[in-house]
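Chains as they are written, first to last, in the numbering used here: chain Y, -1 to 212; chain G, 14 to 120; chain U, 10 to 110. For every residue, glycine included, the Cβ atom is placed at its ideal position computed from N, Cα and C. Predicted model, so just to flag it, every value in this text is computed and none were measured.
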Amino acid sequence: MSNDDDEHDHDHHEPLVVEDEQGNIEGQIVINALQNLLVERNLIAPGEVRREIEKIESPGVHLGAKIVARAWVDNAYKARLLADGKSAAAELGIGVGEAQLIVVENSEKLHNLICCTLCSCYPRSILGQPPSWYISKAYRARAVREPRAVLSEFDLHIPDDVQLIVHDSNADMRYLVLPARPAGTEFVSEQRLAELVTRDCMIGAAVVELKAAS
Amino acid sequence: MTRGYHDIGGKEAGTIPMVELPWLHWEKQVEAVRNLLGDGTRRMLSLDEMRRGFESFGEDKYKALSFYRRRLEAMIDILVEKDVICREELENEIASVRARWETGYKT
Amino acid sequence: MKPRFDTGDKVMVLELGKSGHIRVPFYVRGHVGTVIHRCGVFLNPEDLAVGNVAGPVVPLYRVGFWMNQLWPDYDGNALDMLYVEIYDHWLAMVDKSAVAA
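What follows is the structure in structure tokens.
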């Protein structure tokens, strides 16, 4: 196992712990051994594990982007989404496994940022796995204390007169940011709008930009 | 007031590590096994039990392990606690798997 | 269990001195915030962590705190806030909202 950064004496600067090749092999060996014992005990079946892996691989940024694009083009949908995220996602065929999805809307006057200080809570059933930075000590510790400084590390500078709300998803709710729709997209199709929405926009670490389009 | 070592909101920390790491097969397998053991029929390992697991490691172990290794070790601790498996048989199985791995059989 | 708090109520986060698995972050304990939203009822993670699924369920709230009250050296917009989810038994009423929820 190695660290991806130089060691510092300061206790507070902790690099992200990343497995090296040996560490990954070790992880694979241990989970295989555990799985073998559980299969022997008829507690799980190998086919079940394969299917569950496929299931957890399938959500991704595209699902969140679909929700965002629909909310942008359909105000009634947006209202339902902000009132009950889980039901609104289900309308688009997106199943939310977590207890409830709270969608928070960015505007000219308000910017929202999501974090989980205690562990790594994230709307995985929609967006898939969180980015490594989201689960880092630095983000978890600092997002609730100095969010504007954190966002400037993402090259996002929130104007002084814009209110910032940070959401610590510490319990049963999961959060998705509904980013502001960029100006000049009035005639862009819903599908094309979805292509503009990146993962970081739905966490609040970025805003949707027209020039990000491929 | 007691404060868990995992309860780090507001603490001093360095710059955000802007890395994108791949999600590896063994890591997905850890999640999948946890999901199955925690499902409606088995109910053997809830998310909160797993979290209690890694919150009980002690600070050194928590800080030394990678994210998915933490979850794997927490799962093992809870399953041992519940007598689903015992540590000695797991160690033996790990040794067998490692021996086969080294000869090219990756299961 | 009937929720004791409504949207708009001013509440204080208690320090219950519990050990074990707690989902109330240290940084909000002892602070006063406002109930933003009632999230519904859930089994208590403190019980779930030790395999106790018998209940009772506990109401959960999103509570908003002013950043400049949580952090003495905060230097953003004075309106910046932090929203956290807190379970009913960790809260005490400070000031009932004048406006009915």
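I'd like to know if residue i contacts chain Y, where contact means its C-beta is closer than 8 Å to some C-beta of that chain.
i	result
methionine 90 (chain U)	yes
glutamate 24 (chain U)	no
arginine 64 (chain G)	yes
glycine 42 (chain U)	no
valine 120 (chain U)	Within the shown structure, residues of chain U are numbered from 10 to 110, placing residue 120 (chain U) beyond reach of any answer.
threonine 15 (chain G)	no
glycine 39 (chain U)	no
asparagine 86 (chain U)	yes
isoleucine 91 (chain G)	no
proline 114 (chain U)	The structure shown does not extend to residue 114 (chain U), since chain U spans only 10 to 110, so no value can be given for it.
threonine 116 (chain G)	no
arginine 111 (chain G)	yes
I want to verify the contact list: residues of chain U whose CB lies under 7 Å from the CB of residue i, in sequence order.
i	result
serine 59 (chain G)	Leu57
alanine 221 (chain Y)	Outside the modelled stretch of chain Y, which goes from -1 to 212, sits residue 221 (chain Y), for which no answer is possible.
Using beta carbons (cut-off 8 Å, strictly below), is residue i in contact with chain G?
i	result
tyrosine 70 (chain U)	no
phenylalanine 74 (chain U)	no
tryptophan 99 (chain U)	no
tyrosine 96 (chain U)	no
proline 125 (chain U)	As shown, chain U starts at 10 and ends at 110. That puts residue 125 (chain U) outside it, with no answer to give.
valine 28 (chain Y)	yes
glutamine 161 (chain Y)	no
aspartate 3 (chain Y)	For aspartate 3 (chain Y), the predicted structure reports a pLDDT of 43, less than 50, and the residue's modelled location is therefore unreliable. A value from the coordinates is still provided. Output row for aspartate 3 (chain Y): interface = yes.
alanine 210 (chain Y)	Residue placement at alanine 210 (chain Y) cannot be trusted, given a pLDDT of 48 that sits under 50; the coordinates are not used to answer.
Just the Cα atoms here: how many angstroms apart are residue i and residue j?
i	j	result
aspartate 158 (chain Y)	tyrosine 92 (chain U)	20 Å
histidine 19 (chain G)	cysteine 119 (chain Y)	13 Å
valine 103 (chain U)	valine 72 (chain U)	13 Å
glutamate 17 (chain Y)	glutamate 24 (chain Y)	9 Å
aspartate 90 (chain G)	alanine 181 (chain Y)	52 Å
leucine 88 (chain U)	arginine 47 (chain G)	41 Å
leucine 85 (chain G)	leucine 36 (chain Y)	14 Å
alanine 67 (chain Y)	threonine 196 (chain Y)	11 Å
valine 62 (chain U)	glutamine 189 (chain Y)	44 Å
asparagine 39 (chain Y)	proline 129 (chain Y)	According to the sequence shown, residue 39 (chain Y) is arginine rather than asparagine. Taking the straight line from one Cα to the other gives about 35 Å.
leucine 41 (chain Y)	threonine 54 (chain G)	10 Å
leucine 57 (chain U)	glutamate 106 (chain G)	30 Å
arginine 13 (chain U)	glycine 17 (chain G)	28 Å
isoleucine 201 (chain Y)	valine 148 (chain Y)	13 Å
glutamate 89 (chain Y)	methionine 21 (chain U)	38 Å
lysine 119 (chain G)	alanine 43 (chain Y)	18 Å
leucine 154 (chain Y)	glycine 117 (chain G)	48 Å
isoleucine 156 (chain Y)	proline 65 (chain U)	43 Å
glutamate 115 (chain G)	alanine 45 (chain G)	25 Å
Using alpha carbons as the reference points, say which of the options lies closest to residue i.
i	options	result
valine 67 (chain U)	U:Gln78, U:Trp75, U:Glu55 and U:Lys19	U:Glu55
isoleucine 111 (chain U)	G:Gly117, G:Glu62 and G:Thr120	Because chain U here runs from 10 to 110, residue 111 (chain U) falls outside it and cannot be looked at.
valine 44 (chain U)	U:Asp84, U:Pro81 and U:Trp75	U:Trp75
glutamate 151 (chain Y)	Y:Val47, Y:Arg179 and Y:Trp131	Y:Trp131
lysine 64 (chain Y)	Y:Val102, Y:Ala204, Y:Leu108 and Y:Ala192	Y:Ala192
valine 110 (chain G)	Y:Arg49, Y:Arg172 and Y:Gln33	Y:Gln33
leucine 116 (chain Y)	G:Trp36, G:Arg64, G:Glu33 and G:Thr15	G:Arg64
glycine 58 (chain Y)	Y:Pro13, Y:Val47 and Y:Ile92	Y:Ile92
serine 59 (chain G)	G:Arg100, G:Thr116, G:Thr15 and G:Lys95	G:Lys95
valine 175 (chain Y)	Y:Ala136, Y:Glu184 and Y:Asp198	Y:Asp198
arginine 172 (chain Y)	Y:Ala139, Y:Tyr137, Y:Val101 and Y:Ala136	Y:Val101
threonine 183 (chain Y)	Y:Val15, Y:Trp70, Y:Ile112 and Y:Glu50	Y:Trp70
For chain U, check one thing: does any of its Cβ atoms lie closer than 8 Å to the Cβ of residue i?
i	result
glutamate 44 (chain G)	no
glycine 23 (chain G)	yes
alanine 26 (chain G)	no
valine 148 (chain Y)	no
valine 164 (chain Y)	yes
asparagine 168 (chain Y)	yes
In chain G, what lies closer than 9 Å to residue i by C-beta?
i	result
serine 106 (chain U)	None at all; the shortest Cβ gap to chain G is about 27 Å.
glutamine 202 (chain Y)	In the sequence as presented, glutamine is not what sits at residue 202 (chain Y); that position holds glycine. The premise fails here: glycine 202 (chain Y) is roughly 13 Å from chain G at the closest Cβ pair, so nothing lies under 9 Å.
I want to verify the contact list: residues of chain U whose CB lies under 8 Å from the CB of residue i, in sequence order.
i	result
glutamate 68 (chain G)	His30
alanine 86 (chain Y)	In chain order: nothing, as chain U lies at least about 16 Å away.
Cβ closer than 7 Å: which chain G residues qualify as neighbours of residue i?
i	result
phenylalanine 14 (chain U)	By Cβ distance, chain G contributes nothing, its closest Cβ being about 22 Å from phenylalanine 14 (chain U), past 7 Å.
glycine 60 (chain U)	Glu62
By the criterion of Cβ-Cβ separation under 8 Å, what are the contact partners of residue i in chain Y?
i	result
aspartate 20 (chain G)	Thr115 and Leu116
lysine 41 (chain G)	Ile51, Ile54 and Glu55
Listing by chain order, which chain U residues have their CB less than 9 Å from the CB of residue i?
i	result
histidine 155 (chain Y)	Neighbours of histidine 155 (chain Y) on chain U: none; closest Cβ ~12 Å, over 9 Å.
leucine 80 (chain Y)	The contacting residues do not exist; leucine 80 (chain Y) stays about 11 Å from chain U at best.
Inset, instruction - For the region 60 to 72 of chain G and the region 53 to 67 of chain Y, state whether three or more C-beta atom pairs, one from each stretch, are separated by less than 8 Å. - result: They do not touch, by the three-pair rule.
Inset, instruction - Decide if the region 138 to 157 of chain Y is in contact with the region 19 to 27 of chain G; the criterion is three or more beta carbon pairs, one per stretch, under 8 Å apart. - result: yes
Inset, instruction - Count the CB pairs spanning the region 160 to 168 of chain Y and the region 70 to 79 of chain Y that are closer than 8 Å, and state whether there are at least three. - result: no
Inset, instruction - Inspect the CB distances between the region 37 to 46 of chain G and the region 20 to 36 of chain Y and report whether three or more fall short of 8 Å. - result: yes
Inset, instruction - Report yes or no: do three or more beta-carbon pairs, one from the region 91 to 111 of chain Y and one from the region 120 to 127 of chain Y, lie closer than 8 Å? - result: The region 91 to 111 of chain Y vs the region 120 to 127 of chain Y: in contact.
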